[in-house]
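Novice: Could you have a look at this structure, given as structure tokens, before my questions?
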């Protein structure tokens, strides 16, 4: 199964250049396996400046909330992803916002987007 990944959103213009990236190449995994979708920043973001990290799946007719990390806690997402995602909160200080999707299903195929919101603009 292939996943096409998009990683490009920092929703705040910072004085210094900050780039969030991941792979724009398809990731293949067998049904039932786990897969890690990478998302990282090329610059150090202090954890206290992170307002929210959001993972979404872009489907044909809808945007599905996979995971939201806000105020140091994971907020429940779409029922299809509950209990099947891991977010590496201890890695945030290193600029790592990756997501692990467990027990991949056929319907998980698609485009995923990682967004990082900072409070630097306030």
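Residue numbers (the numbering used here): 79 to 200.
For each residue, glycine too, the CB sits at the ideal point set by N, CA and C.
The structure presented is a predicted model; accordingly, all values stated were derived computationally and were not measured.
(1) Look at the alpha carbon of residue 168 and the alpha carbon of residue 133, and state the distance between them as a whole number of angstroms.
(2) Out of 147, 177 and 111, which one is the CA nearest neighbour of residue 126?
(3) Can you tell me whether residue 186 is buried or exposed, with buried defined as 16 or more other CB within 10 angstroms of its CB?
(4) Using DSSP with H/G/I as helix, E/B as strand and the rest coil, what is residue 172?
(5) Should residue 182 and residue 105 be called a contact, given that it needs their Cβ atoms to be closer than 8 Å?
(6) Helix, strand or coil: which one does DSSP assign to residue 139?
(7) When burial is assigned at 16 or more other CB atoms within 10 Å of the CB, is residue 151 buried or exposed?
(8) At a cut-off of 7 Å, would you count residue 143 as near the ligand MG, judging by its Cβ distance to the nearest heavy atom?
Specialist: Taking the coordinates as given:
(1) Walking along the chain shown from the start, residue 168 turns up at place 90. Walking along the chain shown from the start, residue 133 turns up at place 55. Cα to Cα, the separation comes out at about 17 Å.
(2) Here residue 126 refers to the residue found at position 48 of the chain shown. Closest in alpha carbon position to residue 126, among 147, 177 and 111, is 147.
(3) Along the chain shown, one-based indexing puts residue 186 at 108. Buried, since its Cβ has 16 or more Cβ neighbours within 10 Å.
(4) Residue 172 sits at position 94 when you count from the first residue of the chain shown. Helix at residue 172.
(5) Locating residue 182 in the chain shown gives position 104, counting from the first residue. Locating residue 105 in the chain shown gives position 27, counting from the first residue. Between residue 182 and residue 105, the C-beta spacing is not below 8 Å.
(6) Your numbering for residue 139 matches position 61 in the chain shown. In this structure, residue 139 counts as coil in the three-state DSSP scheme.
(7) Stepping through the chain shown from its first residue, residue 151 is reached at position 73. Counting other Cβ atoms within 10 Å of its Cβ, residue 151 stays below 16 and is therefore classed as exposed.
(8) The model depicted lacks the ligand MG and carries no ligand whatsoever.
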